[in-house]
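For the sequence shown, my numbering begins at 24 and goes up steadily by one.
Structure first, then comments.
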Amino acid sequence: MAGLMGIGLSGILSHQTALNTTGNNITNANTEGYSRQEVQFATQEGQRTGAGSIGSGVTIENIRRLADDYLNQQIREDSSLYGEQEALNTELTRLDNLLGGDTTGLSDALNNFFAALQSASEDPTSLPQRQAVISEAQQVVNRIQGLNEELIQQRESVKTQMQQGVADANTLLQSIAELNLAISESPGLAQGQMPNELLDQRDEKLRQLAELVSIRVTATEGSQVNVSLANGVALVVGGNASVLGTRASAEDPLSLEFTLTAGGRTLVVDDQINGGTLGGLRRFEAEGLQPAFDDLGRVALALSESVNHQHAIGMDLEGDLGGLFFSSINDLEVQRSRVVANANNQQPQTAQFAVEISDASALEGGTWILQFGDNGSYEVIDQASGEVVNRGRLPSDPEAEINMPGFNIRYEGGSVNAGDKFLIQPTRNAAANIDLEISREEDLALASPIKATTSDDNLGTGVISQGTMLNVRNPLTNTLLPGFTQQQTLANGPLTVSFTEAAGVLSYSVTDALGTVLDTGPYDPGQTNTLLSADPGDPGYQGFQFEISGEPAPGDTFTIDFNSGGVSDNRNAELLAALGTANTMNGGTQSFAEGYAGLVEDVGVKTRQSQLDLEAGQTLLEQSTNQREAMSGVNLDEEAGKLIQYQAAYNASAQVIAVAQDLFDTLLQSFR
24 MAGLMGIGLS GILSHQTALN TTGNNITNAN TEGYSRQEVQ FATQEGQRTG AGSIGSGVTI
84 ENIRRLADDY LNQQIREDSS LYGEQEALNT ELTRLDNLLG GDTTGLSDAL NNFFAALQSA
144 SEDPTSLPQR QAVISEAQQV VNRIQGLNEE LIQQRESVKT QMQQGVADAN TLLQSIAELN
204 LAISESPGLA QGQMPNELLD QRDEKLRQLA ELVSIRVTAT EGSQVNVSLA NGVALVVGGN
264 ASVLGTRASA EDPLSLEFTL TAGGRTLVVD DQINGGTLGG LRRFEAEGLQ PAFDDLGRVA
324 LALSESVNHQ HAIGMDLEGD LGGLFFSSIN DLEVQRSRVV ANANNQQPQT AQFAVEISDA
384 SALEGGTWIL QFGDNGSYEV IDQASGEVVN RGRLPSDPEA EINMPGFNIR YEGGSVNAGD
444 KFLIQPTRNA AANIDLEISR EEDLALASPI KATTSDDNLG TGVISQGTML NVRNPLTNTL
504 LPGFTQQQTL ANGPLTVSFT EAAGVLSYSV TDALGTVLDT GPYDPGQTNT LLSADPGDPG
564 YQGFQFEISG EPAPGDTFTI DFNSGGVSDN RNAELLAALG TANTMNGGTQ SFAEGYAGLV
624 EDVGVKTRQS QLDLEAGQTL LEQSTNQREA MSGVNLDEEA GKLIQYQAAY NASAQVIAVA
684 QDLFDTLLQS FR
């Protein structure tokens, strides 16, 4: 009877454990990261008799956690991929909506500005038309600056998200380290009795960490795991957790770099933060945000340079030469702000560089790294591609220049050491620096300052144009040309164009008021003849040119002089308006509107691609999650069936005890 009682009792206790386990599965059906548990029964050692072995009941051999390390790793990898694509797509979508929106973009403001210039060219003396030009120009400035401010806000938002992500990652790393200790110290671990709940918690923390950054997980002694970044830098070793951090980048103080501190030593791990939300934010900053800053600045520079140049060679309503329309793109402080010294450069860090925009139409959007070697040798590296695009040796003399497409890097002095680096950003801050210099309607230079007249005594059929302005300053020396050293007059004028004939050859000569010959040569009546040189290095360069066609007679003359009283002249207004469709960007292949549209299109393409990648990543994550659920998830129908099964076994075991009790009672009765 004692054996039968023990057998029944073992059945009750074992199936009670099975019922408890099944109940635990059911109540945790919706617990994130919970792995279904299964009771493994085993037959107790039987009692040997002469008739054979008699069973002694059942025991619980193990409560098994149904989990697969490969599936968990797959979920972590897919979570990292999805987290990266989600962060990237979210930020790119925000940027795309900003740049491409009708009310937030730049396209409408540019179109309205050049339309106002076209209207002003139809009535250049109208003050309301001139005021409309100034108002629309201010809207362009406001829109460019507004876009730049929005980009700055998004940059700060990304930095805040990075800092929060690092804080969350550190919390998870500490939790994983603590769980490692708790698991390794769990009672019964040496006998194979695993702390299932702790293992589930650790796997869930690892999954959450993988959503933030791509990690590698390696099993080690005591059922602990070591966690590292994708390239092997340790995050958790046993019960010790490293600390992730962020700080202002040594290369670019406006950006953040990631650090890892362990054992009192801090490493920069920027290049190792891949995947997950943090990796997605890093990708957005490099692939979306910084190019947007650069390309928006490139539009601002091209607009400022082109309009400023054309406006400067015009004449305003009061007869003065036009000055700056937008702010100068090459103020000294602005030039110096385009170079950022690396914070890790050797002391005394006295080297001073500046970047001068030489040709905004040739500028490429981007950032470069100027890196020095021994004896002043340098390399200019494209930051995006890592390719060396220029190299040489810097002369010891200040004012030495490194020539690049559209800009020059000027060395202004100071000590340069081997290993020093400088970030070169020709266009990064241009959108913030643009401003409107014109405030009075009268200051708009819509007329041309030069004109030509034909002598009433001319006998030939020669016709002279009204001239094309090239510049009022010599671009080689940046000094005023002789004719424009005084306002409201051609200082060396009037210029006289005269014709002579010798040996049947008709020739022309252009002389100034002092009789100095500025240009001379044979005249071809069969084509249009251009007077005066377009080469700033030519002694006769005047900053303007005229054309004569037809057949002048010997002795005929034309006069070139300042356009005094030409307030109704609209020639410069038409040239300013024509800049709206002129190819002034990307090496003379795009207009301002097309250049900005290229920025919008580039962001749009990246946004669409990130959306496709996000959908693919979501599908992969769903598949791996479903695979895990098939093994580790709780099926309520299955568990309900097990409840009935175990309950029946429990009741039957109780009945065994009842039978044993009856037998015992019968035995006692036989002795009475």
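All residues carry an ideal CB built from backbone N, CA and C; glycine is no exception.
When we look at the beta-carbon of residue i and count the other beta-carbons within 10 Å, is it buried (16 or more) or exposed?
i: Ser676; result: buried
i: Arg651; result: buried
i: Pro577; result: exposed
i: Asp318; result: buried
i: Arg178; result: buried
i: Asp226; result: buried
i: Val528; result: exposed
i: Gly31; result: buried
i: Phe370; result: The amino acid at residue 370 is misidentified as Phe; the sequence shows Gln. Exposed.
Given a cut-off of 8 Å, decide if residue j and residue i are closer than it, judged by their beta-carbon atoms.
i: Tyr564; j: Ser556; result: yes
i: Pro428; j: Glu387; result: yes
i: Val486; j: Gly573; result: yes
i: Ala377; j: Glu310; result: no
i: Arg270; j: Ser251; result: no
i: Leu301; j: Lys182; result: no
i: Ala299; j: Thr284; result: It should be noted that the sequence gives Gly, not Ala, for residue 299. Not in contact: Gly299 and Thr284 (Cβ atoms no closer than 8 Å).
i: Gln70; j: Thr82; result: no
i: Ser198; j: Ser246; result: no
i: Phe348; j: Val363; result: no
i: Ser144; j: Leu469; result: yes
i: Leu493; j: Gln406; result: no
i: Ala323; j: Gly396; result: no
i: Ala160; j: Ile461; result: yes
Would you kindly report the start and end of the unbroken beta strand (DSSP E) that includes residue i?
i: Met427; result: Glu424 to Met427
i: Gln247; result: First-last for Gln247: undefined, no H or E at that position.
i: Thr697; result: With the chain covering only 24 through 695, there is no way to say anything about residue 697.
i: Leu554; result: Asn552 to Leu554
i: Gln67; result: Premise fails: Gln67 is in no beta strand (DSSP E) and is neither H nor E.
i: Ser521; result: Leu518 to Ala525
i: Phe445; result: Lys444 to Ile447
i: Asn431; result: Phe430 to Gly436
i: Ser400; result: Ser400 to Asp405
i: Ala12; result: Only positions 24 to 695 of the chain appear in this structure, which leaves residue 12 out of reach.
What is the DSSP secondary structure of residue i, counted as helix, strand or coil?
i: Met24; result: Low confidence applies here, because Met24 scores a pLDDT of 47, under 50, leaving its location unreliable; read the following figure in that light. Coil.
i: Thr241; result: strand
i: Ala470; result: strand
i: Pro210; result: coil
i: Asp542; result: strand
i: Gln394; result: strand
i: Gly31; result: helix
i: Met217; result: coil
i: Ser381; result: coil
i: Asp226; result: helix
i: Val626; result: helix
i: Asn413; result: strand
i: Asp696; result: Coverage of the chain is limited to positions 24 through 695, which leaves residue 696 absent and any answer about it impossible.
i: Ile487; result: strand
i: Leu643; result: helix
i: Tyr619; result: helix
i: Gln372; result: coil
i: Thr45; result: helix
Only counting the same chain, and skipping five residues up and downstream in sequence, which positions put a Cβ closer than 7 Å to that of residue i?
i: Ser384; result: Ala325, Thr607, Met608, Gly610 and Gly611
i: Val164; result: Ile457, Asp458 and Leu459
Hey, quick one: how far does the alpha helix (DSSP H) through residue i stretch, first residue to last?
i: Pro314; result: Gln313 to Ala335
i: Ala120; result: With the sequence shown as reference, residue 120 is identified as Asn, and Ala is not the correct amino acid for it. Start and end: Asp92 to Gly123.
i: Leu671; result: Checking the displayed sequence, the identity of residue 671 turns out to be Ala instead of Leu. Residues Leu659 to Gln692.
i: Arg359; result: Leu355 to Ser360
i: Glu280; result: No alpha helix (DSSP H) contains Glu280, which is instead part of the beta strand (DSSP E) from Leu279 to Ala285.
i: Thr300; result: Gly299 to Phe307
i: Glu597; result: Arg594 to Ala601
i: Glu145; result: Ser130 to Glu145
i: Asn85; result: Counting along the chain, Asn85 falls outside any alpha helix (DSSP H), though it belongs to the beta strand (DSSP E) covering Val81 to Arg88.
i: Ala454; result: Ala453 to Asn456
Within the same chain, show all residues whose beta-carbon is closer than 6 Å to that of residue i, passing over the 5 residues directly before and after it, in chain order.
i: Arg87; result: Glu61 and Gln63
i: Arg306; result: Leu111
i: Val540; result: Ser532 and Thr534
i: Met24; result: A caution first: Met24 carries a pLDDT of 47, below 50, which makes its placement in the model unreliable, though a value can still be read off. The residues are Ala683, Leu686 and Phe687.
Which residues in the same chain as residue i place their Cβ atom closer than 8 Å to its Cβ, once the five residues preceding and following it in sequence are excluded?
i: Arg230; result: Gly56, Asn95, Ile98, Arg99 and Ser102
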